[in-house]
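Student:
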Amino acid sequence: MTAELQHTLAKSAGFSGTSLHTGEKVTLKLQPAPIDHGIKFKRKDLADEPTIDANIANLKTVERATTIGEGAVRVHTVEHVLSALSAMGVDNAIIEMDANEPPIGDGSAAPYVEVIKKAGTAAQEAPRRFFDVREPIHVESKSGSLLVLLPDEKFRVSCTQAGPNNRFTQFFSGEISPALYEREIAPARTFVFYEEVASLMEKNLIKGGSLENAIVVRGDAVLSKEPLRFADEFARHKILDIIGDLALIGTRIRGHVIAVKPGHAANAELARAIVKQHAKVTALSVPRTFPPGEGGLDINQVMEILPHRFPFLMVDRILGFEGETKCTGMKTVTVNEPFFAGHFPGHPVMPGVLQVEAMAQVASILLMKLAKSASRIGYFMSADEVKFRKPVFPGDTLFIHAELIKARSNRLAKAHCSCVVNDAVVSEGDLMFTFLDK
Ligand SMILES: [Zn+2]
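Its first residue numbered -15, the sequence shown is counted upward by one per residue in this note's numbering.
(1) Do the segment 141 to 158 and the segment 65 to 78 make contact, defined as three or more Cβ pairs closer than 8 Å?
(2) CB Gly74 to CB Leu(-7), shorter than 9 Å?
(3) Let me check you understand the geometry: is the CB of Gly22 closer than 8 Å to at least one non-hydrogen atom of ligand 1?
(4) Looking only at C-alpha atoms, which of Phe296, Lys353, Ser127, Val57 sits nearest to Pro339?
(5) Check whether the Cβ atoms of Ala170 and Ala71 sit closer than 9 Å, and answer yes or no.
(6) Roughly how many whole angstroms lie between the Cα atoms of Ser183 and Ile199?
(7) Just reading off the alpha helix (DSSP H) that Ala325 is part of, what are its end residues?
(8) Going by DSSP in three states, Pro276 sits in which element: helix, strand or coil?
(9) Name the DSSP beta bridge partners of Ile384, please?
(10) May I ask you to check if the CB of Glu63 is nearer than 8 Å to at least one heavy atom of ligand 1?
(11) Beta-carbon within less than 8 Å of Phe152's beta-carbon, same chain only, minus the 5 sequence neighbours each way: which residues are those?
(12) Sorry if obvious, but does the Cβ on Ala68 come closer than 8 Å to a heavy atom of ligand 1?
(13) Which of helix, strand or coil does DSSP assign to Val286?
(14) Between which two residues does the beta strand (DSSP E) harbouring Leu131 extend?
(15) Is it the case that the segment 327 to 342 contacts the segment 277 to 287, given that we only count it when at least three CB pairs across the two stretches are under 8 Å?
(16) From the DSSP output, in three-state form, read off His292 for me.
(17) Any contact between the segment 39 to 54 and the segment 234 to 249? By contact I mean 3 or more CB pairs, one from each, below 8 Å.
(18) Return the residue from the list Phe155, Thr312, Phe156, Pro16 that minimises the CA-CA distance to Val346.
(19) Let me know the beta strand (DSSP E) ranges lying completely inside the segment 103 to 183, each 3 residues or longer, listed in chain order.
(20) Cα separation between Thr318 and Ala255?
(21) Which residues does DSSP list as the beta-bridge partners of Tyr363?
(22) Under 9 Å, do Leu30 and Pro86 count as touching if we go by C-beta distance?
(23) Pro271 by DSSP, collapsed to three states: which one?
(24) In terms of residues, what are the limits of the alpha helix (DSSP H) holding Phe214?
(25) Looking at the structure shown, is Met(-15) part of a helix, part of a strand, or coil, going by DSSP?
(26) Hey, Leu4 and Leu232 are a contact pair by Cβ (cut 8 Å); roughly how many whole angstroms apart?
(27) On the three-state DSSP scale, how would you describe His262?
(28) For Thr2 and Gly91, what's the separation of their Cα atoms in angstroms?
(29) How about Thr174: is its Cβ closer than 8 Å to a heavy atom in ligand 1?
(30) Measuring only from the beta carbon, is Asn228 closer than 8 Å to any heavy atom that is part of ligand 1?
(31) How should Asn320 be labelled, buried or exposed, when 16 other C-beta atoms within 10 angstroms of its C-beta is the threshold for buried?
(32) Looking at the structure shown, is Glu63 part of a helix, part of a strand, or coil, going by DSSP?
(33) Using 8 Å as the cut-off, classify the Cβ of Leu254 as near or not near the heavy atoms of ligand 1, replying yes or no.
(34) May I have the straight-line CA-CA distance separating Leu268 from Glu80, to the nearest angstrom?
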């Protein structure tokens, strides 16, 4: 299986329109961005042109639309443009705007799909990051939203939408490919039930709202400039919003979202739950199912690669690699380790610095595999954010994870590493390496 690559835009493209909440004119421009940049908003109308990372950690409010912010800077109604970028396969981009909100267009994501197609997409030399759902995650809100995320090989969304008193109950389900998104999801417009509009107007939340950019439902009547684009347009728009809100997790999802009466608050709650689970899984996973080519290394192979020998060889074997960026090794810590005698007499604990050494050894194996060359040697330069969380005792099995998080100009590389015992992280840190020819 070849790894999916990250993508950005081939060139910049944009369009102008009205913002929904303020009613002001806004010009939006999508710009290409480098590997691992993610999606960021840039406020061109403010001094110093601050950027805001499209990340769930920056979520501010979820009333009717999703607002993110950093410091005092805000961007409102981010979900439609994020939805289009995510579903159309753009991992890295800058969204430049000269206002605090993207143009609402016709209330759908179709204008964004058009802009993305105008810009085109380009593959980048780094694998995409995925959250693979391993166990169900669910969130439920008092207002009746229910979201369940189940394991799946693809990203699928199934949605049941129901209005007040279950009016306009609709269902839509699909695997979110760029083609399906462009055809079946992106054209679905924003809708609002009349009984909700009055309060929004009071709160000044929809100054730019009109039948040009939203469907209004009053009783059983659908009021809009053009007829419904799909009989189940509301369920489709809810899926559009779910994709946009979940884009805030910063990785793609392999899983099936089953949503009943979703809303921005519940979507955001699911995004938070995913991020929490992702952090846990990344730290704990002991990969056992590597496809051929990413298999492990036994002690002899490890010693062919590493110059270290007893008592300074801190890896018994490599369990396997995952893509080009991850590697897991293990070490059985026995009572015969020479350091236990003095650290400490009567109370043997593995020194933390030796756990860092184990991380460095696993990370350097990963980097050497990546460099595909034995003529260069990686030097351990620095360690940041090192934390020792739990003691390691004789008899423990240490699982050592290394993930490449940054590589620059073939000379510098940074890896996030952790040691895990009994499914708990005992130590972790970011290790920096430099490469020199032997
Ligand atoms: Zn929406």
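The beta carbon of each residue, even a glycine, is placed where N, CA and C say it ideally should be.
Tutor: Reading off the structure:
(1) no
(2) Within the sequence shown, numbered from 1, the residue matching residue 74 stands at position 90. Within the sequence shown, numbered from 1, the residue matching residue -7 stands at position 9. The question names Gly, yet the displayed sequence has Val at residue 74. In this structure, Leu(-7) lies closer than 9 Å to Val74 by Cβ.
(3) The residue given as residue 22 occupies position 38 in the sequence shown. False, no ligand heavy atom lies under 8 Å from that Cβ.
(4) In the sequence shown, residue 339 corresponds to position 355, counting from 1. Checking the sequence shown, residue 339 turns out to be Gln, not Pro. Of Phe296, Lys353, Ser127, Val57, the residue nearest in Cα terms is Phe296.
(5) As a first step, residue 170 is located in the sequence shown; it is residue number 186 there, counting from the start. As a first step, residue 71 is located in the sequence shown; it is residue number 87 there, counting from the start. Yes. Within cutoff.
(6) Along the sequence shown, read from residue 1 onward, the residue named residue 183 stands at position 199. Along the sequence shown, read from residue 1 onward, the residue named residue 199 stands at position 215. Taking the straight line joining both Cα atoms gives about 17 Å.
(7) Locating residue 325 in the sequence shown gives position 341, counting from the first residue. Taken as a continuous stretch (DSSP letters only), Ala325 belongs to no alpha helix (DSSP H), as it is neither H nor E.
(8) Residue 276 sits at position 292 when you count from the first residue of the sequence shown. Residue confidence for Pro276 is low, a pLDDT of 45 falling below 50, so the modelled location carries little weight; the figure read from the coordinates is stated next. Pro276: coil per DSSP, three-state reduction.
(9) Taking the first residue of the sequence shown as 1, we reach residue 384 at position 400. Answer is Gly313, Cys403.
(10) In the sequence shown, the residue the question calls residue 63 occupies position 79. It does: the Cβ of Glu63 is within 8 Å (strictly closer) of some heavy atom of ligand 1.
(11) Taking the sequence shown and counting its residues from 1, one reaches residue 152 at position 168. Excluding sequence neighbours, Phe152 sits near Gln145, Ala146, Val201, Phe218.
(12) Taking the first residue of the sequence shown as position 1, residue 68 is located at position 84. Because no heavy atom of ligand 1 lies under 8 Å away, the Cβ of Ala68 does not count as near it: no.
(13) Along the sequence shown, read from residue 1 onward, the residue named residue 286 stands at position 302. Helix, per DSSP.
(14) Indexing the sequence shown from 1 puts residue 131 at position 147. From DSSP, the beta strand (DSSP E) with Leu131 extends over 130 to 135.
(15) no
(16) Counted from its first residue, the sequence shown places residue 292 at position 308. Residue state, collapsed to three classes: coil.
(17) yes
(18) Within the sequence shown, numbered from 1, the residue matching residue 346 stands at position 362. Checked all of Phe155, Thr312, Phe156, Pro16; the closest Cα to Val346 is Thr312.
(19) 105 to 111, 114 to 116, 121 to 124, 130 to 135, 139 to 145, 154 to 159, 175 to 177
(20) Stepping through the sequence shown from its first residue, residue 318 is reached at position 334. Stepping through the sequence shown from its first residue, residue 255 is reached at position 271. Cα to Cα, the separation comes out at about 41 Å.
(21) One-based indexing of the sequence shown puts residue 363 at position 379. Answer is Thr418.
(22) Reading the sequence shown from its first residue, position 46 is the one you call residue 30. Reading the sequence shown from its first residue, position 102 is the one you call residue 86. No, these two residues do not count as a Cβ contact at 9 Å.
(23) For this step, residue 271 is matched to residue 287 along the sequence shown. Because Pro271 sits at a pLDDT of 34, beneath the cut-off of 50, its placement in the model cannot be relied upon, and the following sentence gives the value as read from the coordinates. Of the three classes helix, strand and coil, the one that applies to Pro271 here is coil, per DSSP.
(24) Position 230 of the sequence shown, counted from the first residue, corresponds to residue 214. Looking at the DSSP string, Phe214 is not in any alpha helix (DSSP H), and its letter there is neither H nor E.
(25) Residue numbering aside, residue -15 sits at position 1 when the sequence shown is read from its first letter. Caution applies to Met(-15), whose pLDDT of 39 falls short of 50 and renders its modelled position unreliable; the value that the coordinates give is listed next. Three-state DSSP puts Met(-15) in coil, outside helix and strand.
(26) On the sequence shown, position 20 is the one that residue 4 refers to. On the sequence shown, position 248 is the one that residue 232 refers to. No, Leu4 and Leu232 are not in contact; Cβ-Cβ is about 19 Å, not under 8 Å.
(27) Position 278 of the sequence shown, counted from the start, is the residue given in the question as residue 262. Helix.
(28) Residue numbering aside, residue 2 sits at position 18 when the sequence shown is read from its first letter. Residue numbering aside, residue 91 sits at position 107 when the sequence shown is read from its first letter. Distance between the alpha carbons of Thr2 and Gly91: 11 Å.
(29) Taking the first residue of the sequence shown as 1, we reach residue 174 at position 190. Checking the Cβ of Thr174 against ligand 1 gives yes.
(30) On the sequence shown, residue 228 is found 244 positions in, with the first residue counted as 1. Position check: residue 228 holds Gly in this sequence, whereas Asn was assumed. Under cutoff, so the answer is yes.
(31) As a working note, residue 320 is residue 336 in the sequence shown. When all chains shown are included, Asn320 counts as exposed.
(32) Along the sequence shown, read from residue 1 onward, the residue named residue 63 stands at position 79. Reduced to three states, the DSSP call for Glu63 is helix.
(33) Start at 1 with the first residue of the sequence shown, and residue 254 comes out as number 270. Result no, Cβ not under 8 Å from ligand 1.
(34) Working through the sequence shown from its first residue, we reach residue 268 at position 284. Working through the sequence shown from its first residue, we reach residue 80 at position 96. Low confidence applies to Leu268: its pLDDT is 47, below 50, so where it sits in the model is not reliable, and the reading given next is rough at best. Rounded to the nearest angstrom, the two C-alpha atoms are 38 Å apart.
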